Structure formats: C-alpha cells, structure tokens
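In my numbering, the protein residues as written are 187 to 326. Read through the structure below, which is laid out as structure tokens, and then see the notes.
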C-alpha cells in the first residue's frame, strides 16, 4: 500500500522498517511513509501533545508485532465491535479491516468503511466518524 500511495521510495522504506525496525530504518519511514497515513493535513498541535517513544515502537515492531495473530481470538468476542476503516489506510489496509470484521461472530461485528480516508478515520473525517460512532452506541 505504501508503494501504491507514495511510490517506490515509500514502498522500500516501509519494507525496510517493518522487517528491520530501528533508528536507521525509522528516518526514511518517517520521511516517506508517515505523510501517507492520512488524506488530510493533520493538526500539528495534536502531534505536540502526543508522547512518542521510538524505543517502545522499535521493541514492539521487532518483537510482538512480528508474530501477533489477531484473527483467531476474534471468534471469542461476545460484545458489539465497530471496525472503522479508511479505504486509503496504508497501515491497516481495507482488506485487513474486512478480514477483522469477518472474523467477528455474528451478530457482534460491524464494519464501517470510510471513502478517501486513511489511518484513523477520525483524523480525516471527524464528523462522519463521530456520527457512525454515536449511531453504533445508541443502537445498543
């Protein structure tokens, strides 16, 4: 997805970071891939309020993330789950979100797909995201 959205440099940077996460692969990933996360300009003040620890990211990406299998456990879900996904999300592509929603047992899973939206639908389309979330909660 990164190559599709950002060209070969983004594709290579994503491959390098997710196969060898660390400081040397983070800089190109941040340069080429992070701008592709969303389809709208993001709030710089929000980023300043966020606490980011590269060491935690590198440890997680090199460890747990490599073997994490979310899908099998989803069959055990017994409460409503709303999966919100942007169709231009390079981190969790829409196909992955569809797999997640399909792994939830009926009637618990609901997939809401957002057009022209990237990673974290509330960042690119806050009004629609909040409307969907409010409806999901009020229907329960």
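Think of the CB as a built atom: it goes at the ideal place given N, C-alpha and C, for glycine as much as any other residue. Quantities reported herein were computed from a predicted structural model and do not represent experimental measurements.
Item to check | Beta-carbon proximity list for residue 310, same chain, < 6 angstroms, skipping 5 on both sides | outcome: As a first step, residue 310 must be located in the chain shown, where it is residue number 124. Contacts found: 224, 225, 226, 303 and 304.
Item to check | N-terminal and C-terminal residue of the alpha helix (DSSP H) that residue 203 is part of | outcome: For the purposes of this step, residue 203 is taken as the residue at position 17 of the chain shown. Counting along the chain, the alpha helix (DSSP H) containing residue 203 begins and ends at 194-205.
Checklist entry - Since residue 269 contacts residue 297 with CB under 8 angstroms, what's their CB separation in whole angstroms? => result Translated into the one-based positions of the chain shown, residue 269 becomes position 83. Translated into the one-based positions of the chain shown, residue 297 becomes position 111. With a Cβ gap of about 5 angstroms, residue 269 and residue 297 count as contacting.
Checklist entry - Can you tell me the Cα-Cα spacing of residue 212 and residue 247, whole angstroms? => result For this step, residue 212 is matched to residue 26 along the chain shown. For this step, residue 247 is matched to residue 61 along the chain shown. Taking the straight line from one Cα to the other gives about 11 angstroms.
Checklist entry - Quick one: Cα of residue 282 to Cα of residue 300, how far? => result Along the chain shown, read from residue 1 onward, the residue named residue 282 stands at position 96. Along the chain shown, read from residue 1 onward, the residue named residue 300 stands at position 114. Residue 282 and residue 300: Cα-Cα distance of roughly 14 angstroms.
Checklist entry - For residue 299, does the three-state DSSP call read helix, strand or coil? => result To locate residue 299, count along the chain shown from 1; it is residue 113. If DSSP states are grouped into helix, strand and coil, residue 299 belongs with the strands.
Checklist entry - Within 10 angstroms of its Cβ, does residue 203 collect 16 or more other Cβ (buried), or is it exposed? => result In the chain shown, the residue the question calls residue 203 occupies position 17. With 16 or more Cβ atoms within 10 Å of its Cβ, residue 203 is classed as buried.
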